[in-house]
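Colleague: Sending over a structure as structure tokens; questions will come in a sec.
Numbering (our numbering), first residue to last: 57 to 151.
The structure is reproduced here in structure tokens:
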């Protein structure tokens, strides 16, 4: 995977998806390929990167306000909060 792509190569590598692991505050859930194929695409997925970039570049003053929604409350010694991901359910912050 670290090698640069080349159309001249005589060998190839194929990765086959077996399962996905979703991890949240409640634990881990394993999802099969068939289950993943049956899910609806998140409506925010296509514009997530642009929305996160816009939030950071043009509205970074709002990020501290988002911390009010974090439970349990972050430690007072926290140095920074960075928006990491966004989906139909909300924003994930890296603290």
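Even glycine gets a Cβ: it sits at the ideal position worked out from N, Cα and C.
In whole angstroms, what separates the C-alpha of residue 146 from that of residue 108?
Modeller: Roughly 11 Å separates the two Cα atoms.
Colleague: Check residue 71 in the structure and name its three-state DSSP category.
Modeller: Reduced to three states, the DSSP call for residue 71 is coil.
Colleague: By alpha-carbon positions, which one of 85, 150, 142 and 151 ends up nearest to residue 106?
Modeller: The candidate whose alpha carbon is nearest that of residue 106 is 142.
Colleague: Please classify residue 130 as buried or exposed, where buried requires at least 16 other C-beta atoms within 10 Å of its C-beta.
Modeller: Residue 130 is exposed by the Cβ-count criterion.
Colleague: Would residue 137 pass as a contact of residue 121 if the rule is Cβ separation under 8 Å?
Modeller: Their beta carbons are not under 8 Å apart, which means residue 137 does not touch residue 121 by this criterion.
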